[in-house]
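*Asks:* Residue numbers (the working numbering), protein chains in the order written: chain S, 10 to 260; chain G, 10 to 260.
Below is one structure. I have some questions about it.
2 protein chains.
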Amino acid sequence: MIQSIARALDLLELLKRPQRTFSIAQLSAEMELPPSTVHRLLQTLAEKGFVYRDEQTHLYQLGPALISLGAAAAHGQDLRQMAGPVLKKLSQSTAEDAFLIIPSGYRGLVLCHVEGPNNLRVTEKFGYEIEMHCGAIRKALLAGQPRSFWQDYIHHYTVDAVPPHPLGSPDQLLGELEDIRLKGVALTVGDYTDGAVGIGAPVFGPEGAAVASIGVICPAARVVAPDQLKELVRTAAAELSGSLGGSIRWL
Amino acid sequence: MIQSIARALDLLELLKRPQRTFSIAQLSAEMELPPSTVHRLLQTLAEKGFVYRDEQTHLYQLGPALISLGAAAAHGQDLRQMAGPVLKKLSQSTAEDAFLIIPSGYRGLVLCHVEGPNNLRVTEKFGYEIEMHCGAIRKALLAGQPRSFWQDYIHHYTVDAVPPHPLGSPDQLLGELEDIRLKGVALTVGDYTDGAVGIGAPVFGPEGAAVASIGVICPAARVVAPDQLKELVRTAAAELSGSLGGSIRWL
DNA sequence: GAACTTTTTCCTTATCGTGGAATCATATTC
DNA sequence: GAATATGATTCCACGATAAGGAAAAAGTTC
């Protein structure tokens, strides 16, 4: 692993945070690197348009080159094309917002989002990315991974890093995951967002591991027939898994 | 400029091309670097999720980490928020697809796109990025840059690099740019897309240079009153320039 | 206007990235 | 199915080049 590149990419991940604009001093503190090193890294990133440097304030933020790269990365997803109709159908049959989540490292990322008919809704925008143990849809994604991945996951977030959102006890999480895997669907109440009910199911690729997960998030007040929702989500996931049938090349 | 980082970022730009999946051999040929070096670069990028490596075919493509970064970069755009209403109004008053283009290095990138009411349309997706001399909207963006930038631009694409889309004669381009700057609006017929008419105008930030450009693209058959369209585009650009008034921090 | 903070440049050191060559895996051809 | 070719991966010795301390410059605050 090339040190300078790893540092540059970490820097980009730092710049992704909601604060949006950052000084060299702050970045240097957070990266635990001397300012001169951070300066040099940013200079290279700026040269290529990956970060934008405000000439007045000397603050840095993510640059325009990333927009087209991100669009190209999302566009190049076979999965995205195939999921469209399934998501649309799911949001219609449930009358809720439907989501497709894909893995991004140890986190789950919103690749598609289809809005339901109601005004009161729980929403996550395209590209939104949080830990995989947060919420039903991401938990389903995690549950669909090989068990060795579960161990890595727990190890990563208990030893190497502390997640922004609490992990809870490893044993409890493992229990939940086994349960989801058994039932093929996850339902959580207020797990990540208060007052929200999430229902998610893993989408399996030909290699046996989950390549994505699909599901809906609803305001708790609107959930009257949870079992019916679970069934709709599970069949949607099964449909998508089926249509992938051996051809998916992405995760 | 740090060599390894610059190479890694160039690699990402290469992977952006429509081919989507690439072998090390091909990348190594195109980068004019030994395969071992390319391999090492890709390894680091893959580790961080910036590229995805297919375990079966050993082909590489853009990775999921870029999706969330791209979304964050686009999201962090004040410009995008402000342009929304203006674009919507423009697409309604012209009954055509309206676009907001921002600079990305020497290219122009679609930051927003509002669809018009007709089925026959000329469309460019969010994130689409081509040379700044292509089409009226991007030409307006180029025309709004300082004249020194024009020189850099021409130099870049005549000496350093050959653009995928022909540049034409430098003198003719300079003439067009002066004309656009004078009139405040650009109109092209079949400049980049056959059978399409583009109309674009620069959006100026407080520093005097164009920070974006705004415009519409229409099938030629539908253009009956070009002068009216030009006026609508110009006033839309002026409105957006006005509302930026000294507060924009992005390009 | 002075004192402080932050950014930027400079320079020396040894780290670490580089690329050639060898090895291994995979596809292709006969 | 063996042989060959193509491409991916590993290894290693060399030397280019990141790295980070320190100093200078720029900007900010009181």
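Heads up, the beta-carbon is just placed ideally off N, CA and C, and yes, glycines get one too.
Please state the DSSP three-state secondary structure of Phe31(G).
*Replies:* Along the second sequence, read from residue 1 onward, the residue named residue 31(G) stands at position 22. Here Phe31(G) sits in strand by DSSP.
*Asks:* State yes or no: is the C-beta of Ala82(G) within less than 8 Å of the C-beta of Gly79(S)?
*Replies:* As a position in the second sequence, residue 82(G) is number 73, starting the count at 1. As a position in the first sequence, residue 79(S) is number 70, starting the count at 1. Cβ distance < 8 Å, so Ala82(G) and Gly79(S) count as in contact.
*Asks:* Taking the C-alpha atoms as reference points, what is the distance between Arg258(S) and Lys25(G)?
*Replies:* For the purposes of this step, residue 258(S) is taken as the residue at position 249 of the first sequence. For the purposes of this step, residue 25(G) is taken as the residue at position 16 of the second sequence. Confidence at Arg258(S) is low in this model, with a pLDDT of 32, below 50, so its placement is unreliable and the value that follows should be read with caution. When rounded, the distance between both Cα atoms is 17 Å.
*Asks:* Identify, in the order they occur along the chain, each residue of the same chain with its Cβ nearer than 6 Å to the Cβ of Glu133(G), setting aside the five sequence neighbours on each side.
*Replies:* As a working note, residue 133(G) is residue 124 in the second sequence. So the qualifying residues of the chain are Val119.
*Asks:* Are Asp212(G) and Leu186(G) touching if we call contact CB-CB under 8 Å?
*Replies:* Numbered from 1 along the second sequence, position 203 holds the residue referred to as residue 212(G). Numbered from 1 along the second sequence, position 177 holds the residue referred to as residue 186(G). The amino acid at residue 212(G) is misidentified as Asp; the sequence shows Val. Taking 8 Å as the Cβ cut-off, Val212(G) and Leu186(G) do not qualify as a contacting pair.
*Asks:* Going straight from the alpha carbon of Leu36(G) to that of Met10(G), what length do you get?
*Replies:* By 1-based counting over the second sequence, the position of residue 36(G) is 27. By 1-based counting over the second sequence, the position of residue 10(G) is 1. Cα to Cα, the separation comes out at about 22 Å.
*Asks:* Using beta carbons (cut-off 8 Å, strictly below), is Thr53(G) in contact with chain S?
*Replies:* Residue mapping note: residue 53(G) aligns to position 44 of the second sequence, counting from 1. True, the Cβ-Cβ gap to chain S drops below 8 Å.
*Asks:* With DSSP as the reference, label Gly217(G) as helix, strand or coil.
*Replies:* Here the question's residue 217(G) lines up with position 208 in the second sequence. Of the three classes helix, strand and coil, the one that applies to Gly217(G) here is coil, per DSSP.
*Asks:* Can you pull the chain S neighbours of Glu138(G), defined as C-beta to C-beta under 7 Å?
*Replies:* By 1-based counting over the second sequence, the position of residue 138(G) is 129. Correct list: Ser77.
*Asks:* Provide the residue span of the alpha helix (DSSP H) that contains Ile163(S), from first to last.
*Replies:* The count along the first sequence starts at 1 and reaches residue 163(S) at position 154. Where Ile163(S) is concerned, the enclosing alpha helix (DSSP H) stretches over 156 to 164.
*Asks:* Please check the pair Thr30(S) and Gln65(S), which I expect to be a contact at CB under 8 Å, by giving their CB distance rounded to whole angstroms.
*Replies:* Here residue 30(S) is taken as the residue at index 21 of the first sequence, counted from 1. Here residue 65(S) is taken as the residue at index 56 of the first sequence, counted from 1. In fact, because the Cβ distance is near 11 Å, the residues do not count as touching under 8 Å.
*Asks:* If we call anything under 8 Å between Cβ atoms a contact, is Ile208(S) one with Leu182(S)?
*Replies:* As a working mapping, residue 208(S) is identified with position 199 in the first sequence. As a working mapping, residue 182(S) is identified with position 173 in the first sequence. No, the Cβ-Cβ distance between Ile208(S) and Leu182(S) is not below 8 Å.
*Asks:* What does the alpha-carbon distance come out to for the pair Leu260(G) and Gln86(G)?
*Replies:* The count along the second sequence starts at 1 and reaches residue 260(G) at position 251. The count along the second sequence starts at 1 and reaches residue 86(G) at position 77. Note on Leu260(G): pLDDT 31, under 50, position unreliable in the model; the coordinate value appears next. Approximately 10 Å between the Cα atoms of the pair.
*Asks:* In chain S, what lies closer than 8 Å to Glu56(G) by C-beta?
*Replies:* On the second sequence, position 47 is the one that residue 56(G) refers to. Under the 8 Å cutoff, chain S gives Met10, Ala15.
*Asks:* Can you check whether the CB of Val168(S) is closer than 8 Å to the CB of Ile226(S)?
*Replies:* Counting from 1 along the first sequence, the entry for residue 226(S) is found at position 217. Counting from 1 along the first sequence, the entry for residue 168(S) is found at position 159. No. Outside cutoff.
*Asks:* Rounded to the nearest angstrom, what separates Ser113(S) and Phe135(G) at their Cα positions?
*Replies:* For the purposes of this step, residue 113(S) is identified with residue 104 of the first sequence, where counting begins at 1. For the purposes of this step, residue 135(G) is identified with residue 126 of the second sequence, where counting begins at 1. Ser113(S) and Phe135(G): Cα-Cα distance of roughly 22 Å.
*Asks:* Helix, strand or coil for Glu124(S) per DSSP?
*Replies:* Translated into the one-based positions of the first sequence, residue 124(S) becomes position 115. Of the three classes helix, strand and coil, the one that applies to Glu124(S) here is coil, per DSSP.
*Asks:* Interface residues of chain S around Pro179(G) at Cβ under 8 Å?
*Replies:* Within the second sequence, numbered from 1, the residue matching residue 179(G) stands at position 170. Per Cβ cutoff of 8 Å: no residues; Pro179(G) is ~24 Å from chain S at best.
*Asks:* Can you name the residues that DSSP bridges to Cys227(S)?
*Replies:* Translated into the one-based positions of the first sequence, residue 227(S) becomes position 218. Looking at the DSSP assignment, Cys227(S) forms a beta bridge with Val206(S).
*Asks:* For a contact defined as C-beta to C-beta under 8 Å, what are the partners of Leu50(G) on chain S?
*Replies:* The count along the second sequence starts at 1 and reaches residue 50(G) at position 41. Those within 8 Å of Leu50(G) in chain S are Ile11, Ile14.
*Asks:* Would you give the residue range spanned by the beta strand (DSSP E) that Leu109(G) belongs to?
*Replies:* Taking the first residue of the second sequence as 1, we reach residue 109(G) at position 100. Where Leu109(G) is concerned, the enclosing beta strand (DSSP E) stretches over 106 to 113.
*Asks:* Give, in chain order, every unbroken run of the beta strand (DSSP E) that is at least 3 residues long and sits entirely within the stretch 57 to 95 of chain G.
*Replies:* The stretch 57 to 95 of chain G contains these whole beta strand (DSSP E) runs: 60 to 62, 69 to 71.
*Asks:* Around the Cβ of Gln154(S), are there at least 16 other Cβ atoms within 10 angstroms (buried) or fewer (exposed)?
*Replies:* For the purposes of this step, residue 154(S) is identified with residue 145 of the first sequence, where counting begins at 1. That one is buried.
*Asks:* Below 9 Å on C-beta distance, what does Ser222(G) contact in chain S?
*Replies:* Within the second sequence, residue 222(G) is the residue found at index 213, counting from 1. Chain S residues near Ser222(G): none, gap ~14 Å exceeds 9 Å.
*Asks:* When you measure from the CB of Val194(S) to every non-hydrogen atom of the ligand GDP, does any distance come out below 7 Å?
*Replies:* The ligand GDP is absent from the structure shown, which contains no ligands of any kind.
*Asks:* Helix or strand or just coil, what does DSSP make of Ile146(S)?
*Replies:* On the first sequence, position 137 is the one that residue 146(S) refers to. Of the three classes helix, strand and coil, the one that applies to Ile146(S) here is helix, per DSSP.
*Asks:* State the beta-bridge partners of Pro211(S) as determined by DSSP.
*Replies:* Position 202 of the first sequence, counted from the first residue, corresponds to residue 211(S). DSSP output for Pro211(S) lists Ser222(S) as bridge partner(s).
*Asks:* Does the beta carbon of Ile111(S) come closer than 8 Å to any beta carbon on chain G?
*Replies:* Reading the first sequence from its first residue, position 102 is the one you call residue 111(S). Yes - at least one Cβ of chain G is within 8 Å of the one on Ile111(S).
*Asks:* Compile a chain-ordered list of the residues in the stretch 20 to 34 of chain S whose CB is closer than 7 Å to at least one CB of chain G.
*Replies:* Correct list: Leu21, Lys25, Arg29.
*Asks:* Buried or exposed: where does Glu140(G) fall if 16 or more other Cβ atoms within 10 Å of its Cβ makes it buried?
*Replies:* Within the second sequence, the letter at position 131 stands for residue 140(G). With 16 or more Cβ atoms within 10 Å of its Cβ, Glu140(G) is classed as buried.
*Asks:* Check Glu39(G) in the structure and name its three-state DSSP category.
*Replies:* To locate residue 39(G), count along the second sequence from 1; it is residue 30. Glu39(G): helix per DSSP, three-state reduction.
*Asks:* At a CB-CB cut-off below 7 Å, which residues of chain S make contact with Phe59(G)?
*Replies:* For the purposes of this step, residue 59(G) is taken as the residue at position 50 of the second sequence. Correct list: Leu18.
*Asks:* Figure out for me which residue from Tyr166(G), Thr46(G), Leu176(G) has the closest Cα to the Cα of Asp200(G).
*Replies:* For the purposes of this step, residue 200(G) is taken as residue 191 along the second sequence, with counting starting at 1. Selected option, being the one with the closest Cα: Leu176(G).
*Asks:* How would you write the range of the beta strand (DSSP E) that Ile139(G) sits in, first residue to last?
*Replies:* Along the second sequence, one-based indexing puts residue 139(G) at 130. Counting along the chain, the beta strand (DSSP E) containing Ile139(G) begins and ends at 138 to 140.
*Asks:* Could you tell me the alpha carbon to alpha carbon distance between His122(G) and His84(G), rounded to whole angstroms?
*Replies:* Looking up residue 122(G) in the second sequence gives position 113. Looking up residue 84(G) in the second sequence gives position 75. Those two C-alpha atoms are separated by around 14 Å.
*Asks:* In terms of alpha-carbon separation, which member of Asn128(G), Arg116(G), Val198(G) lies closest to Pro172(G)?
*Replies:* One-based indexing of the second sequence puts residue 172(G) at position 163. Selected option, being the one with the closest Cα: Arg116(G).
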